[in-house]
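Taking it in order: structure first as structure tokens, then the write-up.
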Amino acid sequence: MAELIELMMTRLNYWIYIVLMMIGLYAMISKNNLMKKLIGMSIFQTAIMLFYVSIGVKNNATIPILEHHGHDETGGHGAEAATHGAAEVGHAVSEAAHTAKDVILAADYDNPLPHVLMLTAIVVGVATLGVAMAVVLKIHDRYGTIEENEILEKVKL
Amino acid sequence: MKYIGLLSVFVTGFLLMYAVLDFPAWGDPNSPASTHLSDHYITKTLEETGVPNLVTAVLADYRGFDTMLETSVVFVAGIAILGILRKRSSTTVPIKKSGRLRTASPEPDLIIRTTSRLLLPAIQLFALYVIAHGHHSPGGGFQGGVILAASLILVALSFSLRSAMLKAGERLMIILGNVGIYIYAGVGVLCLLSFANFLDYSALDWLYPGDAVRARYHSMLVVEIGVAFTVGSVLFLIYAALSSKGAMRRGL
């Protein structure tokens with residue numbers, strides 16, 4: 776039992792994503808109102824976003840924005856000079872003091888890839904949800920209702 | 004139907020929870036998702052592109068095709084909504100072209116109007132900041148474009164849809180949505196004309212001051228601006244079409 780609780784606590788995000796996803800799935804399957812189905816679809820989508828972002832987490836890591844760029848008065852050119860310096864020495868420890876902090880470890884930053892995927896998925900999700908809502912509006916115009924069973928009856932007639 | 008749904012939800016949920024047991028440990032830096040390509044992005048991005056924000060670099064450079072087509076999806080979704088909902092009203096009400104924003108209701112709410120009037124420039128300036136500063140801080144074209152669209156929606160909510168459409172008309176929004184994708188694809192075509200692969204920004208070093216790394220850095224900004232154009236205009240169009248049921252005259 777203690778092992779199970781530990782497992783639940785360490786993977787809390789995964790459990791929550793499943794619960795959210797199932798709420799969305801249930802709404803999509805069993806709700807009668809088309810708008811509520813869309814809300815369920817949106818919850819489902821959000822659960823997948825939570826899942827992806829959870830995958831990208833690393834212990835003791837920070838957000839995927841590098842801290843190592845130039846803060847001197849030349850602005851961005853400092854980063855350029857620094858990276859060129861790093862390239863020349865081929866990642867070896869050099870005698871210059873500033874290259875010591877220019878070594879970027881992958882373990883220090885969260886995985887950027889899921890963030891990128893979800894960033895586009897959020898905006899595209901809004902746009903496609905808009906299309907779905909437009910279709911629902913059109914259905915309401917045509918049949919006067921967005922309840923599924925009433926629409927089915929009117930389609931049969 | 005409800006019981007079948009509940010049963011299937013429980014079965015699916017149980018299977019998914021069972022699958023969680025096989026997942027790598029929480030926050031494991033050596034999990035499959037966080038190795039291979041992700042390591043390359045984290046360690047090499049600054050060297051190859053000069054952009055400290057890894058998300059922006061991966062979004063606009065390494066995964067440029069994906070982002071370009073996602074932007075196209077947003078635009079196509081906007082066009083589809085217009086195609087589904089748009090109604091041409093035969094009795095076009097002439098719009099008085101006075102410079103001031105007008106309200107639809109006879110008794111406008113002074114507090115809401117004044118507050119949104121004060122907030123609007125700040126929101127739009129912040130949107131431009133988010134777009135332009137996406138290389139160094141959280142932000143970029145998608146986020147800034149959404150904030151721009153939100154400022155226009157604020158006008159539509161606090162004044163009226165028509166006063167928002169006066170500032171950002173339907174035709175203008177469609178054109179801006181097009182322009183955004185043209186900017187993005189145009190950068191790719193420029194790369195082709197520079198004898199490199201599509202969206203290989205390092206070939207554009209003749210266009211900007213600096214070397215190939217700088218060229219990738221600057222091209223990303225151009226691309227993000229294109230994304231912001233499309234996302235901002237199309238999201239406002241979606242709101243306008245949905246809230247007015249396609250008539251584009253009176254919103255919520």
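If you're matching them up, the sequences are chains A and B in order. Note that our numbering has the first sequence beginning at 776, numbered continuously upward. Note that our numbering has the second sequence beginning at 4, numbered continuously upward. By construction, the Cβ of each residue, glycine as well, lies at the ideal position given by its N, Cα and C atoms. Computed from a predicted model, the values in this text were never measured in an experiment.
Per DSSP, Thr118 (chain B) is one residue of the alpha helix (DSSP H) stretching across Leu113 to Ala135. Counting C-beta atoms within 10 angstroms of its own C-beta, Glu925 (chain A) has fewer than 16 neighbours from the protein chains shown and is therefore classed as exposed.
When DSSP states are grouped into helix, strand and coil, Glu781 (chain A) belongs to the helix group.
Boundaries of the alpha helix (DSSP H) harbouring Met816 (chain A): Leu809 to Ile830, taken from the DSSP string. Met71 (chain B) is not a Cβ neighbour of His138 (chain B), given a cutoff of 8 Å. Two segments are said to touch when three or more pairs of C-beta atoms, one from each, lie closer than 8 Å; by this definition the segment 8-23 of chain B touches the segment 795-813 of chain A.
Taking 8 Å as the cut-off, the Cβ atoms of Leu179 (chain B) and Phe232 (chain B) count as close. Listed in chain order, the alpha helix (DSSP H) elements of length 4 or more contained wholly in the segment 45-92 of chain B are 57-60 and 67-88. Judged by beta-carbon spacing, Ile126 (chain B) lies beyond the 8 Å limit of Ile87 (chain B), meaning their Cβ atoms are not closer than that value. Taking the beta carbon of Gly8 (chain B) as reference, the chain A residues within 7 Å of it are Tyr801, Ile804 and Ser805, listed in sequence order. For Arg120 (chain B), no chain A residue has a Cβ inside 8 Å of its Cβ, as the nearest lies near 26 Å away.
In the DSSP annotation of this structure, the continuous segment of the alpha helix (DSSP H) that includes Asp916 (chain A) starts and ends at Pro887 to Tyr918. Any Cβ of chain A closer than 8 Å to the Cβ of Met168 (chain B) would place that residue at the interface, and such an atom is absent. Rounded to whole angstroms, the gap between the alpha carbons of Gly229 (chain B) and Ala63 (chain B) is 11 Å. The criterion of a C-beta distance shorter than 8 Å is not satisfied by Val190 (chain B) and Val237 (chain B). Using a Cβ distance threshold of 8 Å, Ala159 (chain B) and Ala152 (chain B) do not count as a contacting pair. Annotation: Ile793 (chain A) to Val910 (chain A) spans about 29 Å, alpha carbon to alpha carbon. Residues of chain B whose Cβ lies closer than 7 Å to the Cβ of Val891 (chain A) are, in chain order, Val58, Val61, Leu62 and Arg66. In terms of Cβ geometry, Thr59 (chain B) and Ala881 (chain A) do not form a close pair [threshold 8 Å].
Per DSSP, the continuous alpha helix (DSSP H) segment holding Tyr6 (chain B) begins and ends at Lys5 to Val23.
Taking 8 Å as the threshold, the shortest C-beta distance from Tyr918 (chain A) to chain B does not fall below it.
Inter-residue distance for Ile177 (chain B) and Val898 (chain A) is about 18 Å (C-alpha atoms, whole angstroms).
Under a criterion of Cβ atoms nearer than 8 Å, the residues of chain B adjacent to Ala882 (chain A) are, in order, Pro32. Under the Cβ criterion of 8 Å, Tyr187 (chain B) is not counted among the residues facing chain A. Residue state for Tyr789 (chain A) is assigned as helix, using DSSP reduced to three classes. Taking a C-beta distance under 8 Å as the contact criterion, Thr895 (chain A) and Asp69 (chain B) qualify as a contact pair. If you look at Arg217 (chain B), you'll find it in the alpha helix (DSSP H) that goes Ala215 to Ser246. Taking each of A:Leu912, A:Lys931 and A:Asp883 in turn and checking the Cα distance to Ala250 (chain B), the smallest one comes out for A:Leu912. Using beta-carbon distances, Glu73 (chain B) counts as an interface residue toward chain A, with a partner under 8 Å. Within 9 Å of the CB of Met797 (chain A), the CB atoms of chain B belong to Val12, Phe13, Thr15, Gly16 and Leu19, in sequence order along the chain.
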